[in-house]
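Using the working numbering, you'd call the opening residue of the sequence shown number 73 and step up by one each time. We put the CB at the ideal spot given by N, CA and C, even for glycine. Heads up, the thing below is written out as C-alpha cells.
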Amino acid sequence: MPKKTIAEKNFWQRLPMRWRVIFILVALILASHGFRCIVPVQPEPSPIQRVALVKSFDVDTVFEESLSHNVSSKNIKRSKARVSGVYVSNLVEEPDPVKIAYAEFTSDKPSETSSAEVPTDPIPPVLLIHGLGRDGSSLYPLARELVAHGVQRVIVPDLPGAGASCRDVEDYSVEATAGTLFSLLDVLKVRNANVLGFGSGGGVAIFMSHQQPERVHSLALVSSLGAQEFELLGNHIVNKIVYTFCLGFFKIVEDVVPHFGLLDSRNVNKACTRVLWDSDISDIKKYIREWNKPIFLAHGENDWLSSIESAEYTKELAPQAETLFIPGGHSVFLKDPEKLKLSFDYALFLTRISVPSKYQEMSRTADEVELVYPPVVPANGARVVVLMVIIFACTFVAEDPTCLATGLLVAQGLVDFFPATLACLLGIFIGDLSLYMIGRCLGRPILRKPPLKWFVSEQQIDEMSERFSKNPRGLAIIVSSRFIPGSRVPTFIAAGIMKLNWHKLFILFFVAAALWTPPLILIAEKVGAGVIEQFKEWHHAAAWIVIGAIVALYLATHYIFPAFTWRGRRRHVMTRRQITRHEFWPHFILCIPVAAQYLWLSLRYRSFTLFTLASTGLGKLGGFPGGSKLEPYRNFLRNSDVGVRTVFVPAEKDLGIRWENTLKILKQEKISFPCVLKPEIGDGGIGVCIVRSAEHLKSWLEANHDDAIAQEYVEGNEYEVVWSRLPGAKEGRIQSVIQKDFVSVKGDGERKLEELIWADDVAVSNGKLFSKLNFHYNLKVLGAGEIFRLAPIGTRIKGARYISRPELRAGTLSKAIDELADACGNVHYVCLDVRVAGDEELSNGRGMRITSVKGTGATSSAIFDGYVRMGRAYARIYKQLQFCFAVGAKLRKRGIRPEVSTFRLFETWGTARGR
C-alpha cells in the first residue's frame with residue numbers, strides 16, 4: 073500500500089512511530105497507575121483468616137573488627153596481630169507496623185500417636201511457613217491433617233508480599249521475615265513453637281532457629297535447601313547477578329507494563345523476586361550445623377528445583393535429623409499430605425519430642441557441634457542438567473561473564489569442569505550460529521529495526537563485508553573476532569549477509585568458541601578460589617561487587633586494552649573532546665536553555681506565536697524552521713540573481729513515476745548532477761543529500777517519499793548569516809556570521825582514508841561519524857596531496873565545523889541583504905545559508921549564492937563553535953529571540969496579529985523534528 077505524504081497526514085500520523093508508541097505507552101502506564109491507586113487490588117483475607125498488625129524489620133549489615141566471627145584461619149596465620157573485619161547483620165525495627173494475615177487450626181483432641189504410659193508435655197503450637205510463589209493456603213491441607221492427628225494448634229501465616237498480607241515492606245529477605253514472624257508469635261502470645269518451612273520458607277525457619285533458638289522447639293525442613301551451594305548456581309555473587317535480571321523483569325512487568333491491577337493479586341510478583349534478591353543465605357549451613365535440637369527433613373527424591381543431594385547434605389550437617397524421603401518432585405508433599413505420610417510422620421515426630429527424655433535423645437549437646445563442614449559433592453543427575461541449562465541460557469545474555477561465573481562454580485566444587493565447559497561452549501556456539509542465520513535469512517533490512525540496530529550499525533556490517541571481499545583469507549577473521557571486543561556481532565552478521573560458505577563457518581564457529589571458552593573458565597577456576605575466600609567476609613556487599621566487576625570489565629575492554637593501540641588512543645582523544653567540548657554535545661541538550669528562554673519570552677509577551685510577525689513576508693509562519701523551505705526561499709529571492717535554481721519535486725504514489733518525473737523536471741530546469749535534494753519540510757539538515765547520479769536519485773526518493781526540493785549544486789565556502797532590521801528603519805545590521813567548514817584530509821600516498829581520519833587533529837574529533845559517512849572509501853589510499861572532503865554539506869549531523877567570523881560583518885553585506893528584504897516586503901529578521909568564493913566576496917556582498925532562507929525562530933549556530941564561550945553564545949541567541957518578540961510586540965500594537973495558531977506552530981515543529 074502506498075505511503076501517505078506529509079500533506080495527507082493528520083497531526084497524529086505526522087508524529088514518528090516511536091513517539092506515537094511512547095505516547096500510547098506512557099498514557100496507558102499513567103492510566104494503569106491511576107486505576108490502581110483509585111481501585112487498589114489487594115487480596116482480602118479468607119473467611120478462616122485473621123489479620124494482625126505486627127512489627128516489621130529490615131537487615132542492617134555492620135562492619136565489626138573481631139576475631140570471633142568465623143574469620144578464616146588463613147587470615148589469622150597471615151597476620152596474627154591484624155584484627156580482621158567481618159560483616160555481621162542486625163535486625164532493625166521499622167517504625168510502621170505491617171498487616172499479616174494468618175489462619176489458625178485448633179483441636180482439643182489428644183494426639184493419636186501419644187502414649188499414655190510415658191508422661192508428655194503439651195505439644196507447642198506449630199508454625200507452617202509457605203514457599204515462594206505461594207501463600208498460606210498451600211499448607212492448609214497439611215495443617216488440617218496435623219490437627220486431625222492431635223496437634224492442638226497450627227498457625228499458617230501469609231508471608232509479606234504474598235496472599236492477604238502487606239505487599240509493601242522495606243525488606244523481603246528471609247532474615248527480616250523471620251523477625252516479623254517472631255513479632256506475630258508475640259501478638260498471638262506464643263512463647264515457643266515448632267517451625268516447619270516449605271521451600272524458601274525453610275530459609276525463614278532456619279533464620280528463626282538462629283535468631284531466637286530458645287523460642288524454636290523443633291525445626292522441620294520440607295523440600296528446602298540446607299546450604300548456599302545448592303541454591304541455583306551455588307554462589308551468592310553469581311546468583312545475585314541472575315536475580316538482578318529477574319528483579320528487573322518483574323519491575324518492568326509490574327511498574328511499566330499497564331496491567332490495571334490484574335497482577336497485583338498474584339503471588340508470583342516483584343516481592344517474590346525481592347525475597348531472592350534481598351536474602352543472603354551464605355551462612356545457613358553454619359546455622360544448621362549449630363542447631364542441636366530435633367530436626368525433621370522431608371524431601372522428594374526427584375526434586376529438580378531443590379535436589380535430594382541438598383537434603384542429604386543437611387542430614388550430614390545435622391546428624392540428629394529424622395528424614396522422610398519419597399519418590400516425587402518439589403511439590404509432592406503439597407498434593408496429598410495424608411496419603412504421602414508427611415502429616416502422620418511429622419505428627420509422630422512432634423509427639424516423640426514432647427517426651428522430655430526423647431527430646432534429649434533426639435538432640436545433640438553443644439560439645440558435639442563441629443564447625444568443620446562436610447565436603448560438597450559436585451552436581452550429578454538431574455541437578456547437573458539443571459545447572460547446564462541455566463549456564464546455557466545465561467550465555468545468550470552475557471558470554472564472558474557467564475564463563476567467569478562458571479569458573480567460580482568449578483572452583484567451589486559445585487559442578488565438574490567438563491559439563492560446565494560443555495554448557496558454555498554449546499551456548500556460545502549456538503549464539504554465533506544464530507547471528508549468522510539472522511544475517512543470512514533476514515538480510516540487511518533487519519539492521520534498521522530494533523533491537524538489532526541498537527547493537528550494530530550498517531556501517532560496521534559494510535566494513536566487515538569489505539574486509540571479507542578483499543581478504544582472500546577472510547574466513548580467518550571469524551576466529552580472530554572472538555578475541556576482539558565488540559567485533560563478534562558485526563562479523564558474524566556480515567558473514568550471513570554475504571552468504572559465506574556455511575559448512576566451513578560452522579567448523580570455524582566451533583573452533584573459535586573452543587579456543588576461547590575453556591581457557592576463560594580455567595582462569596576463573598584458578599583465580600576463583602582466592603576470590604571466593606575473600607568473598608566470605610565481603611559477601612554482604614555482593615551487589616556492589618557485581619556492579620564494580622561489570623564496570624571494571626567494561627572499562628578494561630573499551631578503554632584500557634584499546635589504549636595499547638594507536639587507533640585506541642585516537643578514539644580516546646575523540647571521546648575526551650566530545651565530552652569536554654560543548655560543540656559535540658547532543659543537539660537536544662544544547663537547545664534546553666534556548667527552549668527555556670522561548671517559554672519565558674512567550675509568557676512575558678503573552679503569546680507563543682508573536683515572534684512570527686517579525687518576518688511575515690516569508691509566509692504565514694514567518695520562515696519558521698521546520699515549515700516549508702520553498703515558500704520563504706521564493707518570497708525572499710523575488711527577481712534576484714543571488715539564488716540558485718530551485719524546483720519543487722512533488723510526492724507520487726509510485727516510485728518509478730516520481731523518479732521519471734523528477735528527471736524530467738531537472739532536465740527542464742537545466743539542473744545537472746551533482747545536485748542537492750532536500751525534504752520540503754524539515755530542519756537541521758535531516759535528509760539533505762548531494763545526489764550524484766540518476767540511480768543515486770532513485771535511492772534517495774525511495775527513502776524520502778514526501779514532497780522535496782531540488783537545487784543546483786554550487787561550489788564555494790558556506791556561511792550562515794543572521795540579519796535583522798527594526799520596523800521603520802532603512803538599514804539593517806548583520807548580527808552574526810558563522811562559517812561552515814567542510815572538514816577535509818590530505819593524502820600522503822601511503823595511508824588509507826580511515827587512517828588519515830584518525831590521524832588528523834581536526835577530523836579525529838568526529839572520527840566515528842566521518843568513518844561512518846565515508847565507509848565506502850575507508851580502505852582507499854589517497855594520493856600524495858589529494859584532498860578528500862569528509863563533510864560535503866554544511867550541516868552539523870554531517871560533521872561540518874562551525875566557526876564564528878564577526879570580522880566579516882564590517883563590509884557592505886548588510887546593504888545587499890537590505891535590498892533583498894525591501895523587495896520581499898515585511899521582513900525584519902532572516903537567517904541565510906550562503907555559498908561564496910571567499911571571505912572578501914561575502915563581506916562585500918559580491919558573488920553570493922543563497923541556498924537556504926529561514927526566518928523567525930532560526931537563531932545563530934554560535935553555540936556549535938567550540939571556541940566561543942557558552943555564556944557568550946547563549947547571550948547572542950537570547951538577544952536574537954528577544955529581537956523577534958520585540959518586533960512582534962511593536963507590530964501587535966499596530967493591530968497586526970499572528971496568522972498561525974499555537975497548535976499549528978508546534979505541529980510544524982513536531983513534523984520537522986520527526987524526520
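Sub-8 Å separation of V794 and C903 beta-carbons: Locating residue 794 in the sequence shown gives position 722, where the first residue counts as 1. Locating residue 903 in the sequence shown gives position 831, where the first residue counts as 1. For V794 and C903, yes; Cβs fall inside 8 Å.
So what does D813 bridge to, in DSSP terms? Along the sequence shown, one-based indexing puts residue 813 at 741. Bridge partners of D813: R873.
Quick check on DSSP: helix, strand or coil for N776? Translated into positions along the sequence shown, residue 776 becomes position 704. Coil, per DSSP.
Rounded straight-line distance, which links the Cα of V131 to that of E247: Taking the first residue of the sequence shown as position 1, residue 247 is located at position 175. Taking the first residue of the sequence shown as position 1, residue 131 is located at position 59. Approximately 7 Å between the Cα atoms of the pair.
Which same chain residues end up closer than 6 Å to I593 when comparing Cβ atoms and leaving out the 5 residues on each side of it in sequence? The sequence position of residue 593 within the sequence shown is 521, counting from 1. The answer, listed in chain order, is C475, T478, G479, T493.
Between L253 and G275, what straight-line distance do the alpha-carbon atoms span, to the nearest angstrom? Counting from 1 along the sequence shown, the entry for residue 253 is found at position 181. Counting from 1 along the sequence shown, the entry for residue 275 is found at position 203. Looking at the two C-alpha atoms, the distance is approximately 13 Å.
Go ahead and pull the three-state DSSP assignment for R338. By 1-based counting over the sequence shown, the position of residue 338 is 266. DSSP places R338 in coil when its eight states are reduced to three.
Suppose you measure from the CA of L422 to the CA of A483; what does that come to, to the nearest Å? Your numbering for residue 422 matches position 350 in the sequence shown. Your numbering for residue 483 matches position 411 in the sequence shown. About 41 Å.
Quick one, which of F405, P115, L953, V111 has its alpha-carbon nearest A215's? Residue mapping note: residue 215 aligns to position 143 of the sequence shown, counting from 1. Taking only the C-alpha atoms, the option nearest A215 is F405.
Nonlocal neighbours in the same chain, by C-beta distance under 6 Å from L459, ignoring five residues either side: Here residue 459 refers to the residue found at position 387 when the sequence shown is read from its first residue. If we look at L459 and ignore the five residues flanking it on each side, its Cβ neighbours are A451, V487.
Apart from the five residues on each side of it in sequence, which residues of its chain come closer than 6 Å, Cβ to Cβ, to S187? Here residue 187 refers to the residue found at position 115 of the sequence shown. Residue confidence is low: S187 scores 45 on pLDDT, short of 50, so the model does not pin down where it sits. Its coordinate-derived value is still stated next. Within the same chain, S187 has no close Cβ partners at all.
Taking DSSP as the reference, what is the three-state secondary structure of K387? Looking up residue 387 in the sequence shown gives position 315. Helix at K387.
Span of the beta strand (DSSP E) around G269: Counting from 1 along the sequence shown, the entry for residue 269 is found at position 197. Taken as a continuous stretch (DSSP letters only), the beta strand (DSSP E) holding G269 covers 265-270.
Can you give me the C-alpha to C-alpha distance between L100 and R108, rounded to a whole angstrom? As a first step, residue 100 is located in the sequence shown; it is residue number 28 there, counting from the start. As a first step, residue 108 is located in the sequence shown; it is residue number 36 there, counting from the start. Answer to the nearest angstrom: the Cα atoms are 12 Å apart.
In whole angstroms, what separates the C-alpha of V113 from that of E326? Locating residue 113 in the sequence shown gives position 41, counting from the first residue. Locating residue 326 in the sequence shown gives position 254, counting from the first residue. Rounded to the nearest angstrom, the two C-alpha atoms are 13 Å apart.
Alpha-carbon spacing of K870 relative to L377, whole angstroms: The residue you call residue 870 lines up with position 798 of the sequence shown. The residue you call residue 377 lines up with position 305 of the sequence shown. Each residue's alpha carbon lies about 56 Å from the other.
Less than 8 Å between the beta carbons of P350 and S245, yes or no? On the sequence shown, position 278 is the one that residue 350 refers to. On the sequence shown, position 173 is the one that residue 245 refers to. Pro is not the amino acid found at residue 350; the sequence shown has Asp there. Yes, these two residues count as a Cβ contact at 8 Å.
Going by DSSP, which residues form a beta bridge with C747? As a first step, residue 747 must be located in the sequence shown, where it is residue number 675. Per DSSP, V763, E784.
Taking the CB atoms as reference points, tell me whether F177 and V219 lie closer together than 8 Å. Here residue 177 refers to the residue found at position 105 of the sequence shown. Here residue 219 refers to the residue found at position 147 of the sequence shown. Cβ atoms of F177 and V219: closer than 8 Å.
Do E362 and F397 have their CB atoms nearer than 8 Å? Translated into positions along the sequence shown, residue 362 becomes position 290. Translated into positions along the sequence shown, residue 397 becomes position 325. No; because the gap between Cβ atoms is not below 8 Å, this pair is not in contact.
Return the CA-CA distance between R964 and V809, expressed in angstroms with no decimal places. Here residue 964 corresponds to residue number 892 of the sequence shown, with the count starting at 1. Here residue 809 corresponds to residue number 737 of the sequence shown, with the count starting at 1. Computed Cα separation, rounded: 30 Å.
Assuming R710 and C513 make a contact with CB atoms under 8 Å, what is their CB distance in whole Å? Residue numbering aside, residue 710 sits at position 638 when the sequence shown is read from its first letter. Residue numbering aside, residue 513 sits at position 441 when the sequence shown is read from its first letter. With a Cβ gap of about 56 Å, R710 and C513 do not count as contacting.
My guess is that F302 and S382 are in contact by the Cβ rule of under 8 Å, so how many angstroms apart are they, rounded? Counted from its first residue, the sequence shown places residue 302 at position 230. Counted from its first residue, the sequence shown places residue 382 at position 310. Contact flag correct, Cβ pair sits at about 4 Å.
Quick one: is V98 buried, meaning 16 or more other Cβ sit within 10 Å of its Cβ, or exposed? Taking the first residue of the sequence shown as position 1, residue 98 is located at position 26. Exposed.
Distance CB(S104)-CB(H331) smaller than 8 Å: Start at 1 with the first residue of the sequence shown, and residue 104 comes out as number 32. Start at 1 with the first residue of the sequence shown, and residue 331 comes out as number 259. Contact flag set, yes.
Check whether V853 and Y901 have beta carbons under 8 Å apart: For this step, residue 853 is matched to residue 781 along the sequence shown. For this step, residue 901 is matched to residue 829 along the sequence shown. No, these two residues do not count as a Cβ contact at 8 Å.
From P213, S712, K387, pick the residue whose C-alpha is nearest to that of L297; which is it? For the purposes of this step, residue 297 is identified with residue 225 of the sequence shown, where counting begins at 1. Among P213, S712, K387, the Cα nearest to that of L297 is on K387.
For T931 and G982, what's the separation of their Cα atoms in angstroms? Position 859 of the sequence shown, counted from the start, is the residue given in the question as residue 931. Position 910 of the sequence shown, counted from the start, is the residue given in the question as residue 982. Looking at the two C-alpha atoms, the distance is approximately 18 Å.
Assigned exposure category for M89 - 16 Cβ within 10 Å defines buried: Taking the sequence shown and counting its residues from 1, the one referred to as residue 89 is at position 17. By the 10 Å Cβ count, M89 comes out exposed.
Starting from the C-beta of I622, find all residues in its chain whose C-beta is less than 8 Å away, skip the five residues before and the five after it, and write them out in chain order. On the sequence shown, position 550 is the one that residue 622 refers to. So the qualifying residues of the chain are P473.
Kindly indicate the opening and closing residues of the alpha helix (DSSP H) around P665. Along the sequence shown, one-based indexing puts residue 665 at 593. First-last of the alpha helix (DSSP H) with P665: 664-677.
Reference K812; option with closest CA among Y385, R643, E792, V561: Translated into the one-based positions of the sequence shown, residue 812 becomes position 740. The shortest Cα separation from K812 among Y385, R643, E792, V561 belongs to E792.
CA nearest to the CA of E290, picked from N573, G208, V427: The residue you call residue 290 lines up with position 218 of the sequence shown. For clarity, residue 290 is Ser in the given sequence; the question names Glu instead. If we check each option's Cα against that of S290, V427 comes out closest.
On a Cα-Cα basis, can you pick out the residue from N838, R338, L257, R944 that is closest to P658? Along the sequence shown, one-based indexing puts residue 658 at 586. The option with the nearest alpha carbon to P658 is N838.
Roughly how many whole angstroms lie between the Cα atoms of L671 and G698? Walking along the sequence shown from the start, residue 671 turns up at place 599. Walking along the sequence shown from the start, residue 698 turns up at place 626. So the two alpha carbons sit approximately 18 Å from each other.
By Cβ distance below 7 Å, which residues in the same chain neighbour R436 in space, the five residues on each side in sequence not counted? To locate residue 436, count along the sequence shown from 1; it is residue 364. Once the five neighbours on either side are set aside, the close Cβ partners of R436 are N364, Q392.
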